[in-house]
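Trainee: Number 74 in our numbering belongs to position 64 of the sequence shown; there are no gaps in the numbering.
Positions of the beta carbon are idealized from the N, C-alpha and C atoms, including for glycine.
This is the structure I have questions about; it appears just below.
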Amino acid sequence: MSEKKVTPSEFEEILKTGNAFKNFVFLTSNGAAPGSYCGLSKYDFLAGINSLDSVEATSNSLEQFHQFTERNKGKWMFGFLAYDLKNEIENLNSKHTDKLNFPTLHFFVPQIVMTSQAGVLKIIDQQAQTIDEFKADDVELRQLKQSYPLELTPRFSSSEYMDAVAHLKNFLQNGDIYEVTFCQEFYNDAAEINPFETFIKLGIKSRAPMSCFYKKDNHHIISSSPERFLCKRGTKLYSQPIKGTAARSASAEEDDYIKEQLLQSEKERAENMMIVDLVRNDLSRIAQPGSVKVDELLGLYSFKTVHQLISTISCEVSSSISFTDILKATFPMGSMTGAPKISAMKLIDEFEKTRRGAFSGSVGYIDPEGDFDFNVIIRTILYNAQRRYLSVQAGGAITIQSDAGSEYEESLLKAKAMIDVLG
Numbered sequence: 011m012s013e014k015k016v017t018p019s020e021f022e023e024i025l026k027t028g029n030a031f032k033n034f035v036f037l038t039s040n041g042a043a044p045g046s047y048c049g050l051s052k053y054d055f056l057a058g059i060n061s062l063d064s065v066e067a068t069s070n071s072l073e074q075f076h077q078f079t080e081r082n083k084g085k086w087m088f089g090f091l092a093y094d095l096k097n098e099i100e101n102l103n104s105k106h107t108d109k110l111n112f113p114t115l116h117f118f119v120p121q122i123v124m125t126s127q128a129g130v131l132k133i134i135d136q137q138a139q140t141i142d143e144f145k146a147d148d149v150e151l152r153q154l155k156q157s158y159p160l161e162l163t164p165r166f167s168s169s170e171y172m173d174a175v176a177h178l179k180n181f182l183q184n185g186d187i188y189e190v191t192f193c194q195e196f197y198n199d200a201a202e203i204n205p206f207e208t209f210i211k212l213g214i215k216s217r218a219p220m221s222c223f224y225k226k227d228n229h230h231i232i233s234s235s236p237e238r239f240l241c242k243r244g245t246k247l248y249s250q251p252i253k254g255t256a257a258r259s260a261s262a263e264e265d266d267y268i269k270e271q272l273l274q275s276e277k278e279r280a281e282n283m284m285i286v287d288l289v290r291n292d293l294s295r296i297a298q299p300g301s302v303k304v305d306e307l308l309g310l311y312s313f314k315t316v317h318q319l320i321s322t323i324s325c326e327v328s329s330s331i332s333f334t335d336i337l338k339a340t341f342p343m344g345s346m347t348g349a350p351k352i353s354a355m356k357l358i359d360e361f362e363k364t365r366r367g368a369f370s371g372s373v374g375y376i377d378p379e380g381d382f383d384f385n386v387i388i389r390t391i392l393y394n395a396q397r398r399y400l401s402v403q404a405g406g407a408i409t410i411q412s413d414a415g416s417e418y419e420e421s422l423l424k425a426k427a428m429i430d431v432l433g
């Protein structure tokens, strides 16, 4: 393994080269790190380029993943987990057709790791060759063109969406569930885009702190996620669920009013606190006794287009615990299911019209010390270049206090940045 500091121009050139490989990931905090967003982000941004070893699974995924992480201890690893991993953790299934065809999980050990930490740019080569020899051999360098504007078709009409919300509220009134995260899809089945260019445009528009670009062959995750699923620092594990969203205003006075209304909203506060309880319960299954605590409840964070309520829950874990065991206790994240988790996931599959696939899964990294950081795949464009199928999914938490029309409008608000970038 070799390492060297590089100039910004050298860094940019290698990043461009990296996008030519079949396996490429770029994770960025968009200026939120270090020392902000609860101070958990280690890096301004990270990239992983080219694959020395990988695992791709659609069945027996956790066992294959565990074997992969065990044989690659002490190395950088990047990867994603699809929402459908739930079917292997619990006795569940997904009835809808998978039009994107993402695997259940994919992780790889990159040849090149690029880091930016406190303004210091580094290139790390995990293979026994010099960084100067790094180039994109045997890869396709053609520039993909995007057809503009790219129109997306919703799976639900507004009335269909609101009818579904009304039906879900019946389950809430009967006490079957307390909260369920219900989403809809906007899609184009003949899309041609330049994925990395689209990611840059989305980043400029959203500036979200858990953004990522993930490329695996023809599969692309183009994400402006603001949400952290799990972060491990030493023996401390953190989760930061988001529940509570309000659109920002160009008027400073009105924007302050919107923030105050969000903070005082009984519905938004209740949504957040129910998920906090769910996360506390999940973490308690793997935590050291008595170590689960709420570090921040209902923190208000402002992003470029929206305000969000974010809570931070943490616990201590054994130094010997595996990432696989952590996933079995916590995945999928409660903010994207509802509570109770299994009942909510069954209703999600019944009432949504799209297989979620990678949406509401997670992208992240594991570093050589065993620390990791993973986002929630929301505010995201999913794209299969071979099938030319593009998907944006968005929704919100349905509770007993939900108004169907407001829930529909919230789903449009959350999809807006992606739709605008493509349009």
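How would you label Y267, buried or exposed, when you count the other beta carbons within 10 angstroms and need 16 or more for buried?
Mentor: The residue is exposed, with fewer than 16 neighbouring Cβ atoms inside 10 Å.
Trainee: Alpha carbon to alpha carbon, how far is D54 from T191? Give it in angstroms, no decimals.
Mentor: The alpha-carbon atoms of T191 and D54 are separated by roughly 31 Å.
Trainee: Under DSSP, the alpha helix (DSSP H) around M283 begins and ends at which residues?
Mentor: Counting along the chain, the alpha helix (DSSP H) containing M283 begins and ends at 276-294.
Trainee: Counting only runs that start and end within the stretch 16-98, where is the beta strand (DSSP E) found for 3 or more residues in a row?
Mentor: Listed in chain order, they are 33-38, 55-67, 87-91.
Trainee: Going by C-alpha distance, which of K338, Q194, S345 is nearest S321?
Mentor: S321 has its Cα closest to that of S345, out of K338, Q194, S345.
Trainee: In chain order, what residues of the same chain have a beta carbon less than 8 Å from the beta carbon of K83, not counting five sequence neighbours either side?
Mentor: Excluding positions up to five away in sequence, the list reads G380.
Trainee: Thinking C-alpha only, which one of I214, Q121, L337, T347 is nearest E73?
Mentor: Of the listed residues, the one whose Cα sits closest to E73 is L337.
Trainee: Leaving out five residues before and five after A349 in sequence, what residues of the same chain have Cβ atoms less than 6 Å from its Cβ?
Mentor: Correct list, in chain order: Y188, E189, M284, L288.
Trainee: For Y375 and W86, I'd like the C-alpha separation in whole angstroms.
Mentor: Between Y375 and W86, the C-alpha separation is close to 7 Å.
Trainee: For P164, which residues does DSSP report across the bridge?
Mentor: F196.
Trainee: Find the nearest neighbour of F181 within the set L357, P251, I99, judged by alpha-carbon distance.
Mentor: Selected option, being the one with the closest Cα: L357.
Trainee: Using the beta-carbon count (16 or more within 10 Å), is P236 buried or exposed?
Mentor: Buried is the call here.
Trainee: Do the stretch 234-254 and the stretch 316-332 make contact, defined as three or more Cβ pairs closer than 8 Å?
Mentor: As far as the Cβ criterion goes, the stretch 234-254 touches the stretch 316-332, which means the pair count is three or higher.
Trainee: Provide the residue span of the beta strand (DSSP E) that contains L392, from first to last.
Mentor: That run of the beta strand (DSSP E) goes 390-394.
Trainee: What are the boundary residues of the beta strand (DSSP E) that includes Y399?
Mentor: 399-408 is the span of the beta strand (DSSP E), which, as asked, contains Y399.
Trainee: Helix, strand or coil, according to DSSP, for T315 in the structure here?
Mentor: DSSP places T315 in coil when its eight states are reduced to three.
Trainee: Just how far apart, CA to CA, sit H116 and K424?
Mentor: Their backbone Cα atoms lie some 26 Å apart in a straight line.
Trainee: In the structure shown, what three-state DSSP assignment does K351 receive?
Mentor: K351: helix per DSSP, three-state reduction.
Trainee: I want to see whether chain D comes within less than 8 Å of G254, judged by CB atoms only; does it?
Mentor: Given the protein chain composition of this structure (a single chain), no chain D is represented.
Trainee: Report the option in S126, Y393, S275 whose CA atom is closest to the CA atom of P205.
Mentor: Cα-wise, what sits closest to P205 is Y393.
Trainee: Starting from Y418, follow the alpha helix (DSSP H) in both directions and report where the run begins and ends.
Mentor: Run containing Y418: 414-432, per the alpha helix (DSSP H) assignment.
Trainee: The beta strand (DSSP E) spanning D335 covers which residue range?
Mentor: D335 -> not in any beta strand (DSSP E); alpha helix (DSSP H) instead, spanning 333-340.
Trainee: Please classify T163: is it buried, with 16 or more other beta-carbons within 10 angstroms of its beta-carbon, or exposed?
Mentor: That one is exposed.
Trainee: Measuring straight from C-alpha to C-alpha, what distance separates L293 and A200?
Mentor: If I take the Cα positions, the gap works out to 42 Å.
Trainee: Looking at the structure shown, is L110 part of a helix, part of a strand, or coil, going by DSSP?
Mentor: Residue state, collapsed to three classes: coil.
Trainee: With three or more C-beta pairs closer than 8 Å as the rule, is the stretch 212-228 touching the stretch 414-430?
Mentor: Taking 8 Å as the limit for Cβ pairs, the verdict is that the stretch 212-228 does touch the stretch 414-430.
Trainee: One question on the structure: do G415 and C193 come within less than 8 Å of each other, judged by their Cβ atoms?
Mentor: In this structure, C193 does not lie closer than 8 Å to G415 by Cβ.
Trainee: For L212, write down the residues that DSSP places opposite it in a beta bridge.
Mentor: Per DSSP, none; premise fails for L212.
Trainee: Which whole-angstrom value is the C-beta distance of G254 and L240, which I expect to be below 8 Å?
Mentor: Not confirmed; about 20 Å, so no contact.
Trainee: Which of the three DSSP states is assigned to M124 in this structure?
Mentor: The answer is strand: DSSP assigns M124 an E or B state.
Trainee: Since S261 is in the beta strand (DSSP E), which residue starts that stretch and which ends it?
Mentor: From DSSP, S261 is part of no beta strand (DSSP E); its letter is neither H nor E.
Trainee: Distance check for A92 and E362, CA to CA, integer angstroms please.
Mentor: Each residue's Cα considered, the two are about 17 Å apart.
Trainee: Just to confirm my understanding: we take G309, look at its own chain, exclude 5 residues before and 5 after, and list those with CB closer than 6 Å. What are they?
Mentor: I320.
Trainee: Roughly how many angstroms lie between the CA atoms of G45 and P378, to the nearest whole one?
Mentor: Residue confidence is low: G45 scores 42 on pLDDT, short of 50, so the model does not pin down where it sits. No coordinate-derived value is stated.
Trainee: Using a threshold of 8 Å, state whether the C-beta atoms of F88 and V35 are closer than that.
Mentor: Yes; because the gap between Cβ atoms is below 8 Å, this pair is in contact.
Trainee: According to DSSP, is E150 part of a helix, a strand, or is it coil?
Mentor: At E150, the pLDDT of 44 sits below 50, so the modelled position is not reliable and the matter cannot be decided from this model.
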